[in-house]
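K.L.:
Here's a structure for you.
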Amino acid sequence: MAAVAVAAAAAALRARILQVSSKVNSSWQPASSFSSSSVPTVKLFIDGKFIESKSDKWIDIHNPATNEVIGRVPESTKAEMDAAVSSCKRTFPAWADTSILSRQQVLLRYQQLIKENLKEIARLITLEQGKTLADAEGDVFRGLQVVEHACSVTSLMLGETMPSITKDMDLYSYRLPLGVCAGIAPFNFPAMIPLWMFPMAMVCGNTFLMKPSERVPGATMLLAKLFQDSGAPDGTLNIIHGQHEAVNFICDHPDIKAISFVGSNQAGEYIFERGSRHGKRVQANMGAKNHGVVMPDANKENTLNQLVGAAFGAAGQRCMALSTAILVGEAKKWLPELVERAKKLRVNAGDQPGADLGPLITPQAKERVCNLIDSGTKEGASILLDGRSIKVKGYENGNFVGPTIISNVKPNMTCYKEEIFGPVLVVLETDTLDEAIKIVNDNPYGNGTAIFTTNGATARKYSHLVDVGQVGVNVPIPVPLPMFSFTGSRASFRGDTNFYGKQYVLGQLLYSIHFLVLHLKKLLQLENFNLTCLVLYHCLLLQF
Numbered sequence: 001m002a003a004v005a006v007a008a009a010a011a012a013l014r015a016r017i018l019q020v021s022s023k024v025n026s027s028w029q030p031a032s033s034f035s036s037s038s039v040p041t042v043k044l045f046i047d048g049k050f051i052e053s054k055s056d057k058w059i060d061i062h063n064p065a066t067n068e069v070i071g072r073v074p075e076s077t078k079a080e081m082d083a084a085v086s087s088c089k090r091t092f093p094a095w096a097d098t099s100i101l102s103r104q105q106v107l108l109r110y111q112q113l114i115k116e117n118l119k120e121i122a123r124l125i126t127l128e129q130g131k132t133l134a135d136a137e138g139d140v141f142r143g144l145q146v147v148e149h150a151c152s153v154t155s156l157m158l159g160e161t162m163p164s165i166t167k168d169m170d171l172y173s174y175r176l177p178l179g180v181c182a183g184i185a186p187f188n189f190p191a192m193i194p195l196w197m198f199p200m201a202m203v204c205g206n207t208f209l210m211k212p213s214e215r216v217p218g219a220t221m222l223l224a225k226l227f228q229d230s231g232a233p234d235g236t237l238n239i240i241h242g243q244h245e246a247v248n249f250i251c252d253h254p255d256i257k258a259i260s261f262v263g264s265n266q267a268g269e270y271i272f273e274r275g276s277r278h279g280k281r282v283q284a285n286m287g288a289k290n291h292g293v294v295m296p297d298a299n300k301e302n303t304l305n306q307l308v309g310a311a312f313g314a315a316g317q318r319c320m321a322l323s324t325a326i327l328v329g330e331a332k333k334w335l336p337e338l339v340e341r342a343k344k345l346r347v348n349a350g351d352q353p354g355a356d357l358g359p360l361i362t363p364q365a366k367e368r369v370c371n372l373i374d375s376g377t378k379e380g381a382s383i384l385l386d387g388r389s390i391k392v393k394g395y396e397n398g399n400f401v402g403p404t405i406i407s408n409v410k411p412n413m414t415c416y417k418e419e420i421f422g423p424v425l426v427v428l429e430t431d432t433l434d435e436a437i438k439i440v441n442d443n444p445y446g447n448g449t450a451i452f453t454t455n456g457a458t459a460r461k462y463s464h465l466v467d468v469g470q471v472g473v474n475v476p477i478p479v480p481l482p483m484f485s486f487t488g489s490r491a492s493f494r495g496d497t498n499f500y501g502k503q504y505v506l507g508q509l510l511y512s513i514h515f516l517v518l519h520l521k522k523l524l525q526l527e528n529f530n531l532t533c534l535v536l537y538h539c540l541l542l543q544f
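Residues 1 to 544, numbered by UniProt numbering, are exactly what the sequence shown covers, in order.
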């Protein structure tokens, strides 16, 4: 009976994949009939068409809750990647010359289509990435906010002028699109991160080459189809797949002008160095170790709830997870209550009702998290809540780790120094706020931090002295809204400009061109000036 149940569940899952894939494009489905031994293949998206790759190298896509293979994604061939960039380059002049209002209309239609298909995108994310449906919908929603912000980009693209910069001369400054831009996305936010990348770039007049994570390509493919349905011309957005060879291709290709990346420090440092060496603008958003400092005067109820949600939500697989708590003074007495609240979280497959956190992305990720937990015990820390041995009924093969809390942690311990990227909260204790600030500032990462307090002076001191890009006061995950910029710093970021907001538009996606224009009356006064010179003068202006 158990075997029959498993087979039925597998058949239902395959049917669900086929149903979701049909939302994208019928050509995304395998050419052969969908049998028990076959899985869908993910297509390339080049020149507005979903194309079957000719690659002989394929990567399996797994459902993290079952580890069943649910699809295959190609490692794009060199010819396919060249075709994608050529499509971007060929389409760029016409797209850049399209009026800003027309490009804006495409984005306005796009945000509406995302809203209409939000739940479908979320279900696809849960299938491939494992996070709960609520977290998956949040994934899409935070990306949608950036699309909505992109609709207001016209004000950010305004140029500047200054009359009479010197005698008889004016200065005009235009902001123009760069050309072909590229994005390399991680597995943990299959919709949000791509939506942080290509909509802002494309509304500014650039064309875009997207490489989604090979583990979770489905959401990006569906988003590409919706973008096409919004009226974006064929070739303005192209999608390739792959791993190291695709990354090297993006870093090296001379027609790609800018790269946006989110992922690990090792990959980010490599992409930043290699891409910059080839003259590209590169922004690399990387790892984190985010601290939550808890003062004894904090609102206890709210603080404990926020710590649990920020530490264990999305199974801790987010770069802004609050993975480290520093309990100051009497706040250390709250630790038993924190453990009790974490125990109540329900671990299950992401599509199951009532699930609070789902599985990790791969068995290797689970093994790494468990090894880091184990390192804590070996180095003298105490495990107050251990989620390593958790089993989820019906999903025994899933990559599940339950909420884990490690106390008595010191800054020299491996579990503190490494970004765990799992549902693990490490807890340090200090006697004073100054000690807590020193711990935060001594840590190399600088993505986010939060302080929990009801004292305004304490909040002011912490936010003023801490050296971290994003600071929350009673806000556990201080991610800015899109009209500002995501401002990770230090070892969490490489580059000059951050994601979305004014920085992203002005620093990453556009360049300025300046005109020094001699007054017409001065030209007419010049000796030997004639009508032919005047015509040539205006032609030069139009050319630039």
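From the three backbone atoms N, C-alpha and C, an ideal C-beta is built for every residue, glycine too.
(1) Hey, could you find the ends of the beta strand (DSSP E) Ile184 is sitting in?
(2) Using the rule of at least 16 other Cβ atoms within 10 Å of the residue's Cβ for burial, across every protein chain shown, is Glu330 buried or exposed?
(3) Thinking C-alpha only, which one of Ile383, Arg72, Pro403 and Gln111 is nearest Lys391?
(4) How many Å lie between Gly183 and Lys119 at the Cα?
(5) Here's the rule I'm using: 16 or more other beta-carbon atoms within 10 Å means buried, otherwise exposed. How should Val20 be labelled?
(6) Tell me where the alpha helix (DSSP H) around Asn265 begins and ends.
(7) In its own chain, which residues sit with a C-beta less than 6 Å from the C-beta of Ile100, not counting the 5 before and 5 after it?
(8) Out of Leu226, Ala150 and Lys502, point me to the one whose CA is closest to Ser485's CA.
(9) CB-CB under 8 Å to Leu506, same chain, minus the five flanking residues each way: which ones, in chain order?
(10) Quick check on the burial criterion: 16 or more other C-beta atoms within 10 angstroms. Buried or exposed for Gln508?
(11) Hey, quick one: how far does the beta strand (DSSP E) through Tyr172 stretch, first residue to last?
(12) Which partner residues does Trp58 have in the DSSP bridge list?
(13) Answer yes if the region 314 to 331 comes into contact with the region 415 to 428, meaning at least three C-beta pairs across the two stretches below 8 Å, and no otherwise.
(14) Just the Cα atoms here: how many angstroms apart are Ala381 and Asn412?
(15) By the 10 Å Cβ neighbour count, where 16 or more other Cβ atoms means buried, how is Lys167 classified, buried or exposed?
(16) Entirely within the region 180 to 248 and at least 3 residues each: give me those beta strand (DSSP E) ranges in chain order.
(17) Within the continuous beta strand (DSSP E) that includes Ala284, where are the two ends?
(18) Helix, strand or coil for Leu322? Go by DSSP, reduced to three states.
(19) Do Lys366 and Leu372 come within 8 Å of each other at the CB atom, strictly closer than that value?
(20) Enumerate in chain order the residues of its own chain whose CB-to-CB distance from Glu96 is below 6 Å, with the five nearest sequence positions on each side excluded.
(21) Quick one: what does DSSP say Phe484 is sitting in, helix, strand or coil?
(22) Under a three-way DSSP split, which group does Ser37 fall into?
(23) Could you check the C-alpha separation between Ala459 and Thr207 for me, to the nearest Å?
(24) Which same chain residues end up closer than 7 Å to Val262 when comparing Cβ atoms and leaving out the 5 residues on each side of it in sequence?
(25) Can you give me the Cβ contacts of Thr126 inside the same chain, cut-off strictly under 6 Å, excluding the 5 residues immediately before and after it?
(26) So for Lys49, helix, strand or coil by DSSP?
(27) Can you grab the Cα-Cα spacing for the pair Leu518 / Asn238, in whole Å?
(28) Helix, strand or coil for Tyr511, going by three-state DSSP, please let me know.
(29) What separation, rounded to the nearest whole angstrom, lies between the Cα atoms of Pro64 and Leu345?
(30) Tell me whether Val347 sits in a helix, a strand or coil according to DSSP, three-state version.
(31) By the 10 Å Cβ neighbour count, where 16 or more other Cβ atoms means buried, how is Gly354 classified, buried or exposed?
(32) What's the C-alpha gap between Ser27 and Phe141?
(33) Could you tell me which residues DSSP pairs with Ser489 in its beta bridges?
(34) Smallest Cα separation from Asp139: which of Lys289, Glu52, Lys257 and Arg318?
(35) Using the Cα positions of Cys251 and Leu465, report the straight-line distance between them to the nearest angstrom.
(36) List in chain order: all unbroken beta strand (DSSP E) runs of 3+ residues lying wholly within the region 334 to 415.
P.N.:
According to the structure shown:
(1) Counting along the chain, the beta strand (DSSP E) containing Ile184 begins and ends at Val180 to Ile184.
(2) By the neighbour-count criterion, in which 16 or more other beta carbons inside 10 Å mark a residue as buried, Glu330 falls on the exposed side.
(3) The closest CA to that of Lys391, considering only Ile383, Arg72, Pro403 and Gln111, is found on Pro403.
(4) Just so you know, the alpha carbons of Gly183 and Lys119 end up roughly 24 Å apart.
(5) Only weak support exists for where Val20 lies, its pLDDT of 46 falling under 50; the value from the coordinates is given anyway. By the 16-neighbour rule on beta-carbons within 10 angstroms, Val20 is buried.
(6) Residues Asn265 to Arg277.
(7) Counting only Cβ-Cβ distances below 6 Å, and skipping sequence neighbours, we find Thr154.
(8) It is Lys502.
(9) Closer than 8 Å at the Cβ level, and outside the excluded window around Leu506, lie Leu156, Arg175 and Thr497.
(10) So Gln508 ends up on the buried side.
(11) Met169 to Pro177 is the span of the beta strand (DSSP E), which, as asked, contains Tyr172.
(12) BP columns for Trp58 point to Pro74.
(13) At 8 Å Cβ cutoff, the stretches touch.
(14) When only Cα atoms are considered, Ala381 and Asn412 end up about 11 Å apart.
(15) It counts as exposed.
(16) Runs of the beta strand (DSSP E) lying entirely within the region 180 to 248 and spanning at least 3 residues, in chain order: 180 to 184, 207 to 211 and 237 to 239.
(17) Taken as a continuous stretch (DSSP letters only), the beta strand (DSSP E) holding Ala284 covers Arg281 to Asn285.
(18) Reduced to three states, the DSSP call for Leu322 is coil.
(19) Contact: no.
(20) Before going on, a small fix: residue 96 reads as Ala here, not Glu. Same-chain partners within the cutoff: Pro177 and Gly205.
(21) Coil.
(22) Note that Ser37 scores a pLDDT of 45, beneath 50, so its modelled location is shaky; the value from the coordinates is reported in the next line. When secondary structure is reduced to three states using DSSP, Ser37 falls in the coil class, being assigned neither helix nor strand.
(23) C-alpha separation (whole angstroms): 43 Å.
(24) So the list reads Ala185, Pro186, Ile193 and Asn285, once near-sequence residues are dropped.
(25) Closer than 6 Å at the Cβ level, and outside the excluded window around Thr126, lie Leu133, Ala136, Gly350 and Asp351.
(26) Note: Lys49 maps to strand in three-state DSSP.
(27) Rounded to the nearest angstrom, the gap between the Cα atoms of Leu518 and Asn238 is 43 Å.
(28) Here Tyr511 sits in strand by DSSP.
(29) So the two alpha carbons sit approximately 19 Å from each other.
(30) Of the three classes helix, strand and coil, the one that applies to Val347 here is strand, per DSSP.
(31) Exposed is the call here.
(32) At Ser27 the pLDDT is 43, less than 50, meaning the model places this residue with poor confidence; the figure from the coordinates comes in the next sentence. Distance from the CA of Ser27 to the CA of Phe141, rounded to the nearest whole angstrom, comes to 27 Å.
(33) Assignment of beta-bridge partners to Ser489 by DSSP yields Gly446.
(34) That would be Arg318, whose Cα lies nearest to the Cα of Asp139.
(35) Between the alpha carbons of Cys251 and Leu465 lies a distance of about 37 Å.
(36) Fully enclosed beta strand (DSSP E) runs of 3 or longer: 382 to 385 and 404 to 407.
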